[in-house]
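Heads up: the sequence shown runs through residues 4 to 71, numbered per the numbering used here. Ideal Cβ positions, reconstructed from N, Cα and C, are used throughout, including at glycine. These notes concern the structure reproduced below.
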Amino acid sequence: MVHAQVLRDILGQAVRAGHLVVSTASPDYHALHTLSFRPHGGIRDDVYRCGRRPEVYSHDFGAAGLPG
Numbered sequence: 004m005v006h007a008q009v010l011r012d013i014l015g016q017a018v019r020a021g022h023l024v025v026s027t028a029s030p031d032y033h034a035l036h037t038l039s040f041r042p043h044g045g046i047r048d049d050v051y052r053c054g055r056r057p058e059v060y061s062h063d064f065g066a067a068g069l070p071g
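This is the structure we're talking about:
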């Protein structure tokens with residue numbers, strides 16, 4: 004529940020700003036590509052010290068890039 008609220012808030016702020024770049028090591032958020040986020044690959048270092056390398060995604064929130 005809290006994760007969904009955080010993601011909803013982040014996405015709301017990003018849409019108003021017109022862009023968002025996400026770096027996450029959480030497998031739950033690696034599914035961002037289903038929301039039309041573009042994957043840019045992994046980061047070499049485990050910056051979150053959780054045993055998983057973060058992946059980087061971005062979205063420009065243009066009308067053509069938003070899912071139906």
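Start-to-end residues for the beta strand (DSSP E) that takes in residue i
i          : result
residue 41 : 41-45
residue 35 : Careful: residue 35 lies outside any beta strand (DSSP E) and carries neither H nor E.
Reduced DSSP secondary structure (H/G/I, E/B, other) of residue i
i          : result
residue 1  : The first residue shown for the chain is 4 and the last is 71, placing residue 1 beyond what the model contains.
residue 50 : coil
Beta carbon of residue i nearer than 7 Å to that of residue j
i          : j          : result
residue 46 : residue 56 : yes
residue 17 : residue 23 : yes
residue 59 : residue 26 : yes
Meets three-Cβ-pair contact criterion under 8 Å: the stretch 52-64 and the stretch 24-44: yes
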